[in-house]
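Numbering (this note's numbering), first residue to last: 1250 to 1814.
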């Protein structure tokens, strides 16, 4: 299918966003056209004159003609989902779809209701009442008789019936699917718990009940529901060892890379093309680091994370100055985890690894993304697979006992056999943790631009590839410990982090579960203040020049947010 048009009633932005994501998940990288029915919903008031009503009717019929013209541009399969008071509407302008869904055809309506008038352009129309849907198909939903939830579930089941497919995460479209399990597990625990105690008093019966909740409420597969509950338990065990209110994390972003990867939309510039910005950006970041230490004085620093971009795109001297500013400004004596994304193998040297280790970092990443040479060249990574192996061995020689490796599934040109090759090479290296990403087609990436220009669809089903990654992680005795999802992911799957027991990435858990404040420094970073369940954010500009020029104003914003000045 090349084109898909969604008509919606434009009443609720959150619902619109959800439904658009749902259609994308089912139909992949189609050209999704969205037409709002906000204008169509206007009805002639009861007090209108006959002439005014006739004019309103002509206007409505004109809009219907426009809809039919737009329909003819692409395929004949056009859907509409909307909400009109207590009525839930689903329209598939394809008679075969109506029959397949098993709903009765509605009787022809007059143009009294402009919403229904729009639906009458097809010979067959499916209209179902939300209340009837809940009573007939999902009586358990009456526990929370939310119209919004009914719409989501009705839309999901209708699309399952129409396409013959189900999504691994069911009707869940959010970034943090494990949060549901964590909050339910947390409710089962005693209010107070000794820090440092690992075992959680959760019964198997409790665990199974949460798995069933995922399945019945959100149509999540048993496999994914089990993963979510297992991960939530590991996250909760770790979170309860930290300082929830007094504790915080420090994130420092380096917005430069050796080159820009094809799939990347992060805040990063190729260091070779903007060398004049590196030094002033570094100086601004160091000023922000020192100010942040003053702002957070009296609180406990739990984790430090230097990411990007690629921090090792900096020279060894620049990296030393950056890490030196952190050491001089913050009390690192109680830090549980200090991560530096060494990242690209072509930027890793013995000298830089020595700087990182002496600066206090105890966790680094060496990220190949793939171990296939042809793919590395295609996506714009200069490092060879041999360089990846050499960088990993060098990091071990320098004494790093926690090395993470990032992989991406669904890269252009790769098939399951190539994924198997990558996993076998990674297994030989034996990382302490491994993060597996399902490729997300980001709007700001060169890959999205190429796909749009050439009409390329890279949305191949990566379920088998991800299953292989889970198997490889298990063979390396790595447990899944954090998980998140993004829009436009291949296979509608997930990004998942695996690690040896005791080597879980603490910062990764904290940033995804949003249970602790994070003060962030550098261009494009986001600080978060978490207090009593509320989250405030302060963004730094993505543009490096703007970040440098406004550094003092950005520091004042942090002071206002964290100190409530």
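Here a beta-carbon is modelled for each residue, glycine too, at the ideal position from N, C-alpha and C.
Neighbourhood of residue i by C-beta distance below 7 Å, restricted to the same chain and skipping five residues each side
{"i": "residue 1687", "result": "1658, 1659, 1711, 1715, 1738, 1739, 1740, 1742, 1743 and 1744"}
{"i": "residue 1460", "result": "1471, 1474, 1475 and 1478"}
{"i": "residue 1227", "result": "No answer is possible for residue 1227: the residues shown for the chain start at 1250 and end at 1814."}
{"i": "residue 1750", "result": "1728"}
{"i": "residue 1756", "result": "1498, 1552, 1554, 1586 and 1588"}
{"i": "residue 1636", "result": "1594 and 1595"}
{"i": "residue 1802", "result": "none"}
{"i": "residue 1795", "result": "none"}
Same chain, Cβ closer than 6 Å to residue i, five either side skipped, listed in chain order
{"i": "residue 1467", "result": "1419, 1420 and 1421"}
{"i": "residue 1415", "result": "1409"}
{"i": "residue 1548", "result": "1495 and 1497"}
{"i": "residue 1401", "result": "1420"}
{"i": "residue 1463", "result": "1469 and 1474"}
Identity of the residue in the options nearest residue i by Cα
{"i": "residue 1640", "options": "1667, 1670 and 1561", "result": "1561"}
{"i": "residue 1607", "options": "1812, 1807, 1664 and 1572", "result": "1572"}
{"i": "residue 1538", "options": "1805, 1270 and 1268", "result": "1805"}
{"i": "residue 1681", "options": "1717, 1729, 1634 and 1671", "result": "1729"}
{"i": "residue 1507", "options": "1770, 1595 and 1270", "result": "1595"}
{"i": "residue 1500", "options": "1797, 1733, 1415 and 1788", "result": "1788"}
{"i": "residue 1217", "options": "1268, 1591, 1546 and 1676", "result": "Outside the modelled stretch of the chain, which goes from 1250 to 1814, sits residue 1217, for which no answer is possible."}
{"i": "residue 1777", "options": "1810, 1758 and 1656", "result": "1810"}
{"i": "residue 1768", "options": "1276, 1779 and 1588", "result": "1779"}
{"i": "residue 1813", "options": "1664, 1648 and 1544", "result": "1544"}
{"i": "residue 1237", "options": "1580, 1678 and 1801", "result": "The question about residue 1237 has no answer here: the residues shown for the chain are numbered 1250 through 1814."}
{"i": "residue 1423", "options": "1792, 1629, 1736 and 1614", "result": "1736"}
{"i": "residue 1406", "options": "1793, 1808, 1718 and 1469", "result": "1469"}
{"i": "residue 1584", "options": "1720, 1531, 1617 and 1754", "result": "1754"}
{"i": "residue 1664", "options": "1717, 1582 and 1614", "result": "1717"}
{"i": "residue 1678", "options": "1502, 1647 and 1725", "result": "1725"}
{"i": "residue 1412", "options": "1721, 1592, 1268 and 1272", "result": "1272"}
Three-state secondary structure (DSSP) of residue i
{"i": "residue 1588", "result": "strand"}
{"i": "residue 1560", "result": "helix"}
{"i": "residue 1665", "result": "helix"}
{"i": "residue 1684", "result": "strand"}
{"i": "residue 1407", "result": "helix"}
{"i": "residue 1438", "result": "coil"}
{"i": "residue 1428", "result": "helix"}
{"i": "residue 1636", "result": "helix"}
{"i": "residue 1677", "result": "helix"}
{"i": "residue 1597", "result": "coil"}
{"i": "residue 1569", "result": "helix"}
{"i": "residue 1528", "result": "helix"}
{"i": "residue 1784", "result": "strand"}
{"i": "residue 1541", "result": "helix"}
{"i": "residue 1672", "result": "helix"}
{"i": "residue 1722", "result": "helix"}
{"i": "residue 1468", "result": "coil"}
{"i": "residue 1612", "result": "strand"}
{"i": "residue 1789", "result": "coil"}
{"i": "residue 1659", "result": "coil"}
{"i": "residue 1455", "result": "helix"}
{"i": "residue 1767", "result": "strand"}
{"i": "residue 1490", "result": "coil"}
{"i": "residue 1321", "result": "Confidence in residue 1321 is poor, its pLDDT being 42 and thus under 50, which makes the residue's placement too unreliable to answer from."}
Beta-carbon gap between residue i and residue j smaller than 7 Å
{"i": "residue 1504", "j": "residue 1556", "result": "no"}
{"i": "residue 1654", "j": "residue 1621", "result": "no"}
{"i": "residue 1612", "j": "residue 1590", "result": "no"}
{"i": "residue 1574", "j": "residue 1797", "result": "no"}
{"i": "residue 1480", "j": "residue 1732", "result": "yes"}
{"i": "residue 1565", "j": "residue 1604", "result": "yes"}
{"i": "residue 1551", "j": "residue 1485", "result": "no"}
{"i": "residue 1568", "j": "residue 1599", "result": "no"}
{"i": "residue 1800", "j": "residue 1536", "result": "yes"}
{"i": "residue 1526", "j": "residue 1793", "result": "yes"}
{"i": "residue 1231", "j": "residue 1634", "result": "Because the chain is modelled from 1250 through 1814, residue 1231 falls outside the range shown and cannot be assessed."}
{"i": "residue 1684", "j": "residue 1771", "result": "no"}
{"i": "residue 1578", "j": "residue 1542", "result": "yes"}
{"i": "residue 1791", "j": "residue 1773", "result": "yes"}
{"i": "residue 1758", "j": "residue 1438", "result": "no"}
{"i": "residue 1489", "j": "residue 1761", "result": "no"}
Spatial neighbours of residue i in its chain, beta-carbon cut-off 8 Å, leaving aside the 5 residues before and after
{"i": "residue 1662", "result": "1623, 1624 and 1627"}
{"i": "residue 1645", "result": "1652"}
{"i": "residue 1434", "result": "1449, 1451, 1455, 1459, 1478, 1481, 1482 and 1485"}
{"i": "residue 1296", "result": "Per-residue confidence for residue 1296 stands at a pLDDT of 45, beneath the threshold of 50, marking its modelled position as unreliable; the derived number appears in the next sentence. There are no such residues."}
{"i": "residue 1274", "result": "1416, 1422 and 1741"}
Proximity test, residue i beta-carbon vs the ligand ZN heavy atom, cut-off 6 Å
{"i": "residue 1524", "result": "The ligand ZN is absent from the structure shown, which contains no ligands of any kind."}
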